[in-house]
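Here the structure comes first, spelled out in structure tokens, and everything after it is commentary.
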Amino acid sequence: MPAGLVGSLLGLGNPLLDISAVVDQAFLDKYDLKLANQILAEDKHIPMYKELVASSGVEYIAGGATQNSIRVAQWMLQVAGATAYMGCVGNDEFAKTMTDTAAKDGVNVRYMVDEATPTGTCAVCIIGGERSLVANLAAANNFKADHLQKPENWALLEAARVVYSAGFFITVSPESILASAKHCAENDKIYSMNLSAPFIMQARGAARSTAPRHPRLPFSPRRLGLLG
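Residue numbering for the sequence shown follows this note's numbering, beginning at 125 and increasing consecutively.
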């Protein structure tokens, strides 16, 4: 195995445990959901997660935009320990499940643990190959730059050749984005960001102004071309 690839890619993002199950139309109607749609959870959706967990055939995936990309990169590289990932989770069974799932995929996860907030989850409700996604961000919203700056975690940043974040992370820890982008700029590494959604480009205030102005590899969904 090419040892030079170990630790070469680091992701910083919002970890969500995907809870995926086949449901029926009555389930969607009960929680006011639509297929081919993705929304943030409201109070009325919270009981849905336990209902999905109790359903037969439920699957768990270490998800969230950045973590999904890191998992795919790990699969493509086929080198043990080639990727690492940081984000914030709670101290609960969902966090343990996500840690175990990510580890099975070969990703070196260094989650920050928020003792007061549950792990973020995403309900993946499937009917006939179509999905309705409901994200409850919870602890994923609470990542702090202090976690990145711990010596054992900063070492992962120093080892990485490429650092990647989805644009959603701008609203969570712009300080972490700035610190990692600054490190990459000073050490001739690649910092890359996915613009993720139109509201990221439209956002104003401290989060956007703190983000790096010139990531070396910006990515965006096709629809963002409308924003120039």
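The C-beta atom is built at its ideal place from N, Cα and C for all residues, glycine as well.
Going by alpha carbons, who is nearest to residue i out of the options?
i	options	result
Ile294	Gly137, Leu129, Ser132 and Val130	Gly137
Ile170	Ala247, Glu183 and Gly128	Ala247
Gln202	Leu133, Leu281 and Phe292	Leu133
Asn318	Gly128, Val130, Gly135 and Gly131	Gly135
Asp216	Thr243, Gly252 and Ser304	Thr243
Leu302	Gly252, Lys313, Ala269 and Asp153	Ala269
Ser297	Phe267, Ala160 and Leu272	Phe267
Asn161	Asn277, Ser256, Thr241 and Asn311	Ser256
Do residue j and residue i count as a contact pair if the criterion is CB distance below 8 Å?
i	j	result
Gly188	Gly211	yes
Leu141	Tyr209	no
Val182	Ile250	no
Gly230	Gln198	yes
Pro139	Ala204	no
Ala227	Thr241	no
Do you know how far the Cα of residue j is from the Cα of residue i?
i	j	result
Thr245	Arg285	30 Å
Ile143	Ser300	28 Å
Leu129	His307	19 Å
Pro275	Arg234	12 Å
Ala330	Leu280	Unreliable placement is indicated for Ala330, whose pLDDT of 46 sits below 50; no coordinate value is reported for it.
Gly131	Glu254	35 Å
Asn260	Leu164	6 Å
Arg328	Gly291	Confidence at Arg328 is low in this model, with a pLDDT of 44, below 50, so its placement is unreliable and the value that follows should be read with caution. About 13 Å.
Lys174	Phe218	11 Å
Ser289	Lys168	30 Å
Let's see if you can read the secondary structure: which residues bound the alpha helix (DSSP H) around residue i?
i	result
Glu183	Looking at the DSSP string, Glu183 is not in any alpha helix (DSSP H); the run it does join, the beta strand (DSSP E), is Glu183 to Gly187.
Val359	Summary: the structure shown does not reach residue 359, with the chain confined to residues 125 through 352, and so no result is reported for it.
Val130	First-last for Val130: undefined, no H or E at that position.
Phe292	Premise fails: Phe292 is in no alpha helix (DSSP H) and is neither H nor E.
At which residues does the beta strand (DSSP E) containing residue i begin and terminate?
i	result
Ile314	Ile314 to Asn318
Leu164	Asn161 to Leu164
Starting from the N-terminal side, write out each stretch of the alpha helix (DSSP H) that is 4 residues or longer and does not extend beyond the segment 219-289.
269-272 and 275-283
Within the segment 192-217, ranges of the alpha helix (DSSP H) (whole runs, at least 4 residues):
none
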